[in-house]
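When the letters of the sequence shown are read in order and numbered with the UniProt record's numbering, they come out as residues 1 to 276.
Don't be surprised by glycine CBs; every beta carbon is placed ideally from N, CA and C.
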Amino acid sequence: MGIQEQYRNEAAALLSSGEVKLVIGFGAGSTADRRRPLFARTPEQAQKFVLDAACIANLSTYLVAEGLLSDGKKVGVFLKPDGIRSVNILISEAQLKPEQVVILGYAIENGKEVTPLEGRNISDFSIGEKIRKLTPPPHVIEAAEKIEAMSPAERFEFWKEHFSKCIKCYACRQVCPMCYCRRCIVDVNQPQWVSTSSHTLGNFEWNLVRAFHLAGRCAACGACDRACPVNIPLRLVNYRMGKEVRSAFNYVAGENSDQKPVLASFKQDDPETFIL
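Shown next, in the form of structure tokens:
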């Protein structure tokens with residue numbers, strides 16, 4: 001039995017037994033190489049789940065939908081390691097309770113082979129050390145190093161050119177599991193903190209504010225990159241912020257659900273070398 005059939009049956013069993021009220025997985029997309037979220041509430045619907053190398057989206061973003069978990073019932077969800085990492089972050093930020101989520105974990109090896117991950121509860125996944133060893137795809141590291149080698153003026157022009165393409169669609173916000181505020185700062189107009197217009201200043205404000213809000217919180221799933229319709233390399237910004245947090249605080253987001261958010265923790269032996 002392949003992993004797709006195995007997980008279909010397991011999802012159906014979870015729904016049949018009443019252990020979960022909903023399973024969030026993948027269904028067929030608009031083309032052969034695309035997958036879209038599928039929300040199954042019955043065993044019959046669970047038989048429509050698809051699980052293959054095209055299932056790359058981070059479905060943990062749906063777990064913070066308003067009211068989804070307010071009734072105390074469990075939800076099942078298909079997650080890759082970056083999605084499990086996201087759940088750890090959400091738990092550490094008190095957005096989820098560990099017992100609310102049943103995880104159908106899987107990994108995509110070499111971009112082709114899909115393998116199951118053992119465990120169904122967040123505590124079953126010992127991913128802390130694996131996360132510290134994880135590295136972004138080679139093209140991300142190469143691009144990041146190229147930017148870091150630039151002068152400040154060159155970096156400014158690089159990002160100015162990319163941010164000038166931003167159309168303020170907020171797809172990056174909508175797809176990110178860490179952007180769970182019920183009212184985003186860009187939606188506040190009394191006072192208006194960030195300009196909603198798609199011009200140089202407004203685009204810089206939005207993209208840099210979002211980068212700072214994700215510092216020490218990004219799960220490195222790459223969803224923002226994939227969602228951006230104008231191909232702004234947002235992942236590079238978040239990668240750099242994560243690198244700074246790791247360097248200053250030896251902190252990697254999502255190692256486990258017990259860790260406190262980096263900006264909510266304090267150590268008396270902190271060398272404070274980041275303070276000018």
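Quiz item: By how many angstroms is the C-alpha of Leu22 removed from the C-alpha of Ser16?
Solution: As a first step, residue 16 is located in the sequence shown; it is residue number 16 there, counting from the start. As a first step, residue 22 is located in the sequence shown; it is residue number 22 there, counting from the start. Approximately 11 angstroms between the Cα atoms of the pair.
Self-check item: Distance between beta carbons of Gln45 and Leu69, contact taken as under 8 angstroms
Solution: As a first step, residue 69 must be located in the sequence shown, where it is residue number 69. As a first step, residue 45 must be located in the sequence shown, where it is residue number 45. The Cβ separation is near 20 angstroms, so there is no contact.
Quiz item: Which partner residues of Tyr7 appear in the DSSP bridge assignment?
Solution: The residue you call residue 7 lines up with position 7 of the sequence shown. BP columns for Tyr7 are empty, so no partner.
Self-check item: Cβ pair Gly254, Ala219 closer than 7 angstroms
Solution: For the purposes of this step, residue 254 is taken as residue 254 along the sequence shown, with counting starting at 1. For the purposes of this step, residue 219 is taken as residue 219 along the sequence shown, with counting starting at 1. Their beta carbons are under 7 angstroms apart, which means Gly254 touches Ala219 by this criterion.
Self-check item: CA nearest to the CA of Cys179, picked from Leu63, Asn9 and Phe39
Solution: Mapped onto the sequence shown, residue 179 falls at position 179. For the residues Leu63, Asn9 and Phe39, the minimum Cα distance to Cys179 belongs to Leu63.
Exercise. Count the other CB atoms, across all protein chains shown, that sit within 10 Å of the CB of Gly25; report buried if there are 16 or more and exposed otherwise.
Key: Working through the sequence shown from its first residue, we reach residue 25 at position 25. Buried.
Exercise. May I have a chain-ordered list of the alpha helix (DSSP H) segments no shorter than 4 residues that lie completely inside the segment 63–123?
Key: 81–92
Quiz item: In chain order, what residues of the same chain lie with their CB nearer than 8 angstroms to the CB of Glu109, ignoring the 5 residues before and after it?
Solution: For this step, residue 109 is matched to residue 109 along the sequence shown. Thr115, listed in sequence order.
Self-check item: Three or more C-beta pairs below 8 angstroms linking the segment 153–163 and the segment 182–197
Solution: no
Quiz prompt | Backbone secondary structure at residue 279 - three-state DSSP | solution = Residue numbering for the chain in the displayed model covers 1 to 276; residue 279 lies beyond these limits and cannot be assessed.
Self-check item: Pair within 7 angstroms by beta-carbon distance, Lys168 and Ser198
Solution: Within the sequence shown, numbered from 1, the residue matching residue 168 stands at position 168. Within the sequence shown, numbered from 1, the residue matching residue 198 stands at position 198. In contact: Lys168 and Ser198 (Cβ atoms closer than 7 angstroms).
Quiz item: Using CA coordinates, which residue listed in Pro98, Ala223 and Glu157 is at the minimum distance from Ile122?
Solution: The sequence position of residue 122 within the sequence shown is 122, counting from 1. The shortest C-alpha separation from Ile122 is found at Pro98.
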